[in-house]
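Student:
Protein chains: 2
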Amino acid sequence: MARAGLSTEKVVAAAADLADEAGFDHLTVSGLARRLDVRDASLYSHVRNLADLRARVAVLAIGEFADRIAAAVAGRAGKDALAAFAAAYRSFAVDHPGRYAATRTQLDPEMLASTDAPARTIALTRALLRAYGLDEIDETDAVRLLRGFFHGFADLEVNGAFLHGRDVSASWDRAVDALHFTLTNWHLSKEEQ
Amino acid sequence: MARAGLSTEKVVAAAADLADEAGFDHLTVSGLARRLDVRDASLYSHVRNLADLRARVAVLAIGEFADRIAAAVAGRAGKDALAAFAAAYRSFAVDHPGRYAATRTQLDPEMLASTDAPARTIALTRALLRAYGLDEIDETDAVRLLRGFFHGFADLEVNGAFLHGRDVSASWDRAVDALHFTLTNWHLSKEEQ
DNA sequence: GCGTCAAACCTAGGGGCTCTAGGTTTCAAC
DNA sequence: GTTGAAACCTAGAGCCCCTAGGTTTGACGC
Numbered sequence: 001m002a003r004a005g006l007s008t009e010k011v012v013a014a015a016a017d018l019a020d021e022a023g024f025d026h027l028t029v030s031g032l033a034r035r036l037d038v039r040d041a042s043l044y045s046h047v048r049n050l051a052d053l054r055a056r057v058a059v060l061a062i063g064e065f066a067d068r069i070a071a072a073v074a075g076r077a078g079k080d081a082l083a084a085f086a087a088a089y090r091s092f093a094v095d096h097p098g099r100y101a102a103t104r105t106q107l108d109p110e111m112l113a114s115t116d117a118p119a120r121t122i123a124l125t126r127a128l129l130r131a132y133g134l135d136e137i138d139e140t141d142a143v144r145l146l147r148g149f150f151h152g153f154a155d156l157e158v159n160g161a162f163l164h165g166r167d168v169s170a171s172w173d174r175a176v177d178a179l180h181f182t183l184t185n186w187h188l189s190k191e192e193q
Numbered sequence: 001m002a003r004a005g006l007s008t009e010k011v012v013a014a015a016a017d018l019a020d021e022a023g024f025d026h027l028t029v030s031g032l033a034r035r036l037d038v039r040d041a042s043l044y045s046h047v048r049n050l051a052d053l054r055a056r057v058a059v060l061a062i063g064e065f066a067d068r069i070a071a072a073v074a075g076r077a078g079k080d081a082l083a084a085f086a087a088a089y090r091s092f093a094v095d096h097p098g099r100y101a102a103t104r105t106q107l108d109p110e111m112l113a114s115t116d117a118p119a120r121t122i123a124l125t126r127a128l129l130r131a132y133g134l135d136e137i138d139e140t141d142a143v144r145l146l147r148g149f150f151h152g153f154a155d156l157e158v159n160g161a162f163l164h165g166r167d168v169s170a171s172w173d174r175a176v177d178a179l180h181f182t183l184t185n186w187h188l189s190k191e192e193q
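First to last, the protein sequences are chains A and B.
Under UniProt numbering, residue 193 is the last one in the first sequence; the count climbs by one each step, no gaps.
Under UniProt numbering, residue 193 is the last one in the second sequence; the count climbs by one each step, no gaps.
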């Protein structure tokens, strides 16, 4: 019989594609085995178990995500960079919903140590914000504002939560404008109580 | 043998509590049966199947969510209302992660028809924004900005994605200030290209 | 060409989950 | 007390995860 010639990388790559099609939480060992035309048990020589498979998909996805963001912001600054970052973020989530969902899983320390992508993503985000001249605490708050909006909007969009007729891309662009405005005038919005 | 005296409502309520403890996607019929000290099969006289159980939990959760928001904004206006809305949103997600996850499922039309909570939530959000004097399109964009941020931040917080030492509540408050500022100056952030 | 050995793949089977079919028990109302 | 519906049960099929242990393939050295 012809064998598939699998390796851990090929299995994980196929799993990522399957996750994009079926959803990350519908990623199953048996479904993946079917797609690779192999018995379930065969996959366990490439991957420890389902949790391991999911974690590996997450590492792959986080790396691809960081690469996309890095490519998008390269050579840009200020609002240009913010818009490029935002567009790359959203398109990754929309084009690769399974991988995007995978990026949100909490990795165990062992897996986390195998990649620098999370740190790279954070560094890219902070680099983006440097143009707005915030101190460390304000910058952290701003990072959380951006991450919150980007993630929330993308997640809602992917899950079909926007029902109003208004063009979703237009709302996204408008929000990015609003966020740029907020960042530019960050100190003006501060409220003492 | 003593019987549990279950009904669909009791089953669904127990399922919601279980979801809050174990996570909405770890909600299982057999786990729920264990908790209710009943055989799996017994639950199928109260609920059609797992998908039906999940949908009913979603309807319950969306209703409770809308009630919380409504109670929070009652009698408030302007920034006060925004802050109350935001606090109610976040605390619901943090206190009831399983129910909150349930609110994000897409209901089939039949289930959707059994509740007015989604419409109520949208109405509350739009009422909140009325203070900022936006037209329909701008208001829709603003709703999406708010929903995106609220959902994304809460989701990231619940899933432990904020690792920086900065107090999470402080970041939330700061972001709410920033959003209020953005809404107040909505037209100023508009960029023509 | 032939043995060797690791990697790739397999069958068999246990345990958990969902769900159906069909039977039994409880309880309230007559 | 009988009756009928609601609540609950056992039994079992099908799918999924995973392990144990065995077989096949293919590259490499002799």
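All C-beta atoms, glycine included, are put in the ideal place defined by N, C-alpha and C.
1. Reducing DSSP to helix, strand and coil, say where R54/A ends up.
2. Under 8 Å: do the stretch 172 to 182 of chain B and the stretch 131 to 145 of chain A share three or more Cβ pairs, one atom per stretch?
3. Using a 10 Å radius around the Cβ and a threshold of 16 neighbouring Cβ atoms, would you call G23/B buried or exposed?
4. Say whether chain B places a C-beta atom closer than 9 Å to the C-beta of H164/A.
5. Could you tell me how far apart the beta carbons of L53/A and V38/A are, in whole angstroms, since I believe they sit closer than 8 Å?
6. Buried or exposed: where does E157/B fall if 16 or more other Cβ atoms within 10 Å of its Cβ makes it buried?
7. Can you look up T115/B in the DSSP assignment and give me helix, strand or coil?
8. Quick one: what does DSSP say G5/B is sitting in, helix, strand or coil?
9. What is the DSSP secondary structure of L134/A, reduced to helix, strand or coil?
10. Whose CA, out of L128/B, A170/B, V168/B, R166/B, lies closest to the CA of L82/B?
11. Residues of chain A with CB under 9 Å from D177/B, in chain order?
12. For L134/B, I'd like the list of residues in its chain whose CB is within less than 7 Å of its CB, leaving aside the five on either flank, ordered along the chain.
13. In whole angstroms, what is the alpha-carbon distance linking Q106/A and A66/B?
14. A45/B by DSSP, collapsed to three states: which one?
15. Are the beta-carbon atoms of R104/B and H151/B separated by less than 9 Å?
16. Count the other CB atoms within 10 Å of the CB of H96/B; is the residue buried (16 or more) or exposed (fewer)?
17. By how many angstroms is the C-alpha of T184/B removed from the C-alpha of A93/A?
18. Find out if the Cβ-Cβ distance for the pair L145/B, T182/B is shorter than 9 Å.
19. So F181/A contacts chain B; which residues on that side make the cut at Cβ distance below 8 Å?
20. Contact defined as beta carbons within less than 8 Å: I believe I69/A pairs with Y89/A. What is the distance between those atoms, to the nearest angstrom?
21. Could you check what DSSP says for L107/A in three-state terms: helix, strand or coil?
22. Please classify S7/B as buried or exposed, where buried requires at least 16 other C-beta atoms within 10 Å of its C-beta.
23. Starting from A32/A, trace the alpha helix (DSSP H) both ways and give me its first and last residue.
24. Excluding the five sequence neighbours on either side, which residues of its own chain have a C-beta within less than 6 Å of the C-beta of G75/A, listed in chain order?
25. Which same chain residues, not among the five before or five after A87/A, have their C-beta less than 8 Å away from its C-beta?
26. In chain B, which residues lie with their C-beta within 8 Å of the C-beta of R54/A?
27. Considering Cα atoms alone, identify which of F162/B, R34/B, A113/B, S42/B is closest to V59/B.
28. Output yes if chain B places a C-beta closer than 9 Å to the C-beta of M1/A; else output no.
Tutor: Reading from the atomic positions:
1. helix
2. yes
3. exposed
4. yes
5. The Cβ separation is near 14 Å, so there is no contact.
6. buried
7. coil
8. coil
9. coil
10. L128/B
11. S189, K190, E191
12. A142, W186
13. 30 Å
14. Sequence check: residue 45/B is Ser here, not Ala. The answer is coil: DSSP assigns S45/B none of H, G, I, E or B.
15. yes
16. buried
17. 30 Å
18. yes
19. T182, N185, L188, S189
20. 7 Å
21. coil
22. exposed
23. The question names Ala, but residue 32/A in the sequence shown is Leu. 29 to 36 is the span of the alpha helix (DSSP H), which, as asked, contains L32/A.
24. none
25. A72
26. Chain B residues near R54/A: none, gap ~12 Å exceeds 8 Å.
27. A113/B
28. Only weak support exists for where M1/A lies, its pLDDT of 46 falling under 50; the value from the coordinates is given anyway. It does not: the Cβ of M1/A has no partner Cβ on chain B nearer than 9 Å.
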